[in-house]
Amino acid sequence: MRRTVFYSWQSDLPSNQNRNLIQDSLERALRTIARDQDTLIEPVMDRDTANLLGSPDIANSILAKIAMADVFVADVSIVLSSPTRHMPNPNVLVEIGYAVAELGWNNVLLVQNVAFGGPEVLPFDLRGRRTVVYDTSGDSTRAEIRGQLQGRLEIALRDALANGTARGLPSGRDANLWWGKWELNVVDTFGGELFIREVGPTGFLFELKVFHGSHSGQITAYARIVSNDLAYSRIENDEDEADGEIVFRRKGGDGRRIIDIEETMPCVRYRGVRAYFGGRFTKRYEPWFDAGYMNELEIMRLYLLVGVHIDGLRRCTGDIGETKCLDADIHGKAVWGGVAGLYTDMESIVLYDEEGRLWAAYIDESLVRYFTNVPTYRMRLPETIEHWRSRFPEKKIIYCDPVLMSSSWAES
273 MRRTVFYSWQ
283 SDLPSNQNRN
293 LIQDSLERAL
303 RTIARDQDTL
313 IEPVMDRDTA
323 NLLGSPDIAN
333 SILAKIAMAD
343 VFVADVSIVL
353 SSPTRHMPNP
363 NVLVEIGYAV
373 AELGWNNVLL
383 VQNVAFGGPE
393 VLPFDLRGRR
403 TVVYDTSGDS
413 TRAEIRGQLQ
423 GRLEIALRDA
433 LANGTARGLP
443 SGRDANLWWG
453 KWELNVVDTF
463 GGELFIREVG
473 PTGFLFELKV
483 FHGSHSGQIT
493 AYARIVSNDL
503 AYSRIENDED
513 EADGEIVFRR
523 KGGDGRRIID
533 IEETMPCVRY
543 RGVRAYFGGR
553 FTKRYEPWFD
563 AGYMNELEIM
573 RLYLLVGVHI
583 DGLRRCTGDI
593 GETKCLDADI
603 HGKAVWGGVA
613 GLYTDMESIV
623 LYDEEGRLWA
633 AYIDESLVRY
643 FTNVPTYRMR
653 LPETIEHWRS
663 RFPEKKIIYC
673 DPVLMSSSWA
683 ES
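Now the structure itself:
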């Protein structure tokens, strides 16, 4: 499984003591991890705008790479020092802040050359964080320093890479997400629906519908994520009108998930006079996410697999729990679902692994609908799902093609 380690460097200090030394040690540590026969991880290193074609927007390109990384490594060696203040490179600090917001501290690793100042002089919010230190001020040779740094980086990277897949995305009752279907329910004559799809590191596509009596509005557009819980979309109106703007503010807590939408600049081209693109939208129950079994990326993959059948799969997942995966060639997790009092009539199962492979099935009246994105399992069931359906073998299996979602799905 390919995992990416992003390296944030600085050029204020001598490169043979910092930038190049850290990069060399980091590459050696990653090669050692990759050769380990006990790991399925294929770690690779990335940095700044390496491997990007053309003349990319450097700032946005770097932030996008950070958001897509599994582990973020930053050189926090002190580059500015005075009797009252010590500071690492400012650009590195900005990238650290973004990495913490996107990946969490568990996936952030700091590296410091203590020849220019120790961890005790770091900014207060970096002190006590996981920091790999080395010292170029002594009599040790470069090879000795590099070997020591490589060993320390290897230990820290193994720990960070073992944290899990999908960049440590959260799940569970109090975790938040952008993806999925959100509803505005005020009264019968006033409401709306938001469908967020194709969530990426910098934004998402959304379909927003509202109605107020006989007045209605609908927009399909792209929103840019500007912070962990804030996104905005600029909407093009007619030529003689200023652009509209919609702001999304995500909130959570006590098991509730909310997106407050505000039409900060009128989007008059897309709605009737009395309709308004705003209000408090609440998230539909997501059993696999809410129970902590799947994160936002895994949920998105599941929905992309089953498409219009997601409501049927969800209806069969009132109760939920984990069961044993019986397939020797699948190193994943199996999650069953059922409805109290209606077992063998309303049940589901989802099987998935760290490589993004998915298998799902649910009972649809007298049928069992089965989906997978694994070609070799297209017309056969994994042993885990065969065992699951052994209590209702009379139900015919329908081998379904993956059904991609579209705007028509959002109308269901």
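Read in order, the letters of the sequence shown are residues 273 to 684 in the numbering used here. Even glycine gets a Cβ: it sits at the ideal position worked out from N, Cα and C. The structure presented is a predicted model; accordingly, all values stated were derived computationally and were not measured.
Hey, M537 and R587 are a contact pair by Cβ (cut 8 Å); roughly how many whole angstroms apart? Your numbering for residue 537 matches position 265 in the sequence shown. Your numbering for residue 587 matches position 315 in the sequence shown. Not a contact, Cβ separation roughly 39 Å.
Decide if Y279 is buried, meaning its Cβ has at least 16 other Cβ atoms within 10 Å, or exposed. Taking the first residue of the sequence shown as position 1, residue 279 is located at position 7. It counts as buried.
8 Å Cβ shell around V351 - same chain, five flanking residues per side excluded: Along the sequence shown, read from residue 1 onward, the residue named residue 351 stands at position 79. Correct list, in chain order: Q282, D284, L285, M359, P360, N361, F388.
Under a three-way DSSP split, which group does E455 fall into? As a first step, residue 455 must be located in the sequence shown, where it is residue number 183. Reduced to three states, the DSSP call for E455 is strand.
Report the rounded CA-to-CA distance for H487 versus E594, giving the unit in angstroms. Here residue 487 refers to the residue found at position 215 when the sequence shown is read from its first residue. Here residue 594 refers to the residue found at position 322 when the sequence shown is read from its first residue. So the alpha carbons of these two residues sit roughly 46 Å apart.
So, are the CB atoms of Y494 and G464 less than 7 Å apart? Position 222 of the sequence shown holds residue 494. Position 192 of the sequence shown holds residue 464. Their beta carbons are not under 7 Å apart, which means Y494 does not touch G464 by this criterion.
Proximity winner among Q422, D599, G609, relative to I592 (alpha-carbon distances): Residue numbering aside, residue 592 sits at position 320 when the sequence shown is read from its first letter. For the residues Q422, D599, G609, the minimum Cα distance to I592 belongs to G609.
Exposed or buried, N290, counting other C-beta atoms within 10 Å across all chains shown (16 or more means buried)? Locating residue 290 in the sequence shown gives position 18, counting from the first residue. With 16 or more Cβ atoms within 10 Å of its Cβ, N290 is classed as buried.
Could you check what DSSP says for K555 in three-state terms: helix, strand or coil? For this step, residue 555 is matched to residue 283 along the sequence shown. Of the three classes helix, strand and coil, the one that applies to K555 here is strand, per DSSP.
Does chain D have any CB closer than 7 Å to the CB of W281? Absent from the structure: chain D. Only one protein chain is present.
Can you tell me the Cα-Cα spacing of L653 and A434, whole angstroms? The residue labelled residue 653 in the question sits at position 381 within the sequence shown. The residue labelled residue 434 in the question sits at position 162 within the sequence shown. If I take the Cα positions, the gap works out to 30 Å.
Which residues does DSSP list as the beta-bridge partners of N385? Numbered from 1 along the sequence shown, position 113 holds the residue referred to as residue 385. Its beta-bridge partners are Y406.
What is the DSSP secondary structure of A632, reduced to helix, strand or coil? Start at 1 with the first residue of the sequence shown, and residue 632 comes out as number 360. Correct three-state label for A632: strand.
Boundaries of the beta strand (DSSP E) in which V482 is found, first to last residue: Looking up residue 482 in the sequence shown gives position 210. Its beta strand (DSSP E) spans residues 475-484.
Taking the continuous alpha helix (DSSP H) assigned at D369, which residues delimit it? As a first step, residue 369 is located in the sequence shown; it is residue number 97 there, counting from the start. Looking at the sequence itself, residue 369 is Gly, so the reference to Asp does not match. 362-375 is the span of the alpha helix (DSSP H), which, as asked, contains G369.
Note down, in chain order, each residue of its chain lying with its Cβ closer than 8 Å to the Cβ of D625, except the 5 sequence neighbours on either side. As a position in the sequence shown, residue 625 is number 353, starting the count at 1. Only I602, H603, G604, K605 meet the Cβ criterion.
Less than 7 Å between the C-beta atoms of L585 and Y634, yes or no? As a first step, residue 585 must be located in the sequence shown, where it is residue number 313. As a first step, residue 634 must be located in the sequence shown, where it is residue number 362. Yes, these two residues count as a Cβ contact at 7 Å.
Roughly how many angstroms separate the alpha carbons of R496 and N457, rounded to a whole number? Residue mapping note: residue 496 aligns to position 224 of the sequence shown, counting from 1. Residue mapping note: residue 457 aligns to position 185 of the sequence shown, counting from 1. Taking the straight line from one Cα to the other gives about 25 Å.
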